[in-house]
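Residue numbers (this note's numbering): 1118 to 1192. All C-beta atoms in this analysis are idealised placements derived from N, C-alpha and C, irrespective of residue type, glycine included. Small disclaimer: the values here were computed from a predicted structure and weren't measured. Report on the following structure.
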């Protein structure tokens, strides 16, 4: 299990990890992806700022740390 500085969204059941240095626009890109998602393929927030990653049965699972669940870092 690892915690990384990133944002993560889910698109059609698949996670998309957005990594980069502070100020690179990870949160902005996540918001834009969620805004552009269609009703057929909605884009949902998994985590912002910190993402916990874990290998489970040959797949990588991602989620937000408990203290950050449901929050986005918006400046």
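Can you tell me where the beta strand (DSSP E) with residue i in it begins and where it stops?
| i | result |
| --- | --- |
| residue 1141 | No beta strand (DSSP E) contains residue 1141, which DSSP labels as neither H nor E. |
| residue 1124 | 1119 to 1128 |
| residue 1172 | 1167 to 1173 |
Look at the alpha carbon of residue i and the alpha carbon of residue j, and state the distance between them as a whole number of angstroms.
| i | j | result |
| --- | --- | --- |
| residue 1154 | residue 1176 | 24 Å |
| residue 1149 | residue 1158 | 14 Å |
| residue 1138 | residue 1167 | 12 Å |
| residue 1141 | residue 1186 | 21 Å |
Please state if the CB of residue j and the CB of residue i are separated by a distance shorter than 8 Å.
| i | j | result |
| --- | --- | --- |
| residue 1182 | residue 1120 | yes |
| residue 1179 | residue 1132 | yes |
Sorted by chain position, which residues of the same chain lie with C-beta nearer than 7 Å to residue i's C-beta, five sequence neighbours on each side aside?
| i | result |
| --- | --- |
| residue 1147 | 1124, 1126, 1135, 1162, 1165 |
| residue 1129 | 1158 |
Among the options, which one has its Cα closest to the Cα of residue i?
| i | options | result |
| --- | --- | --- |
| residue 1189 | 1144, 1122, 1160 | 1144 |
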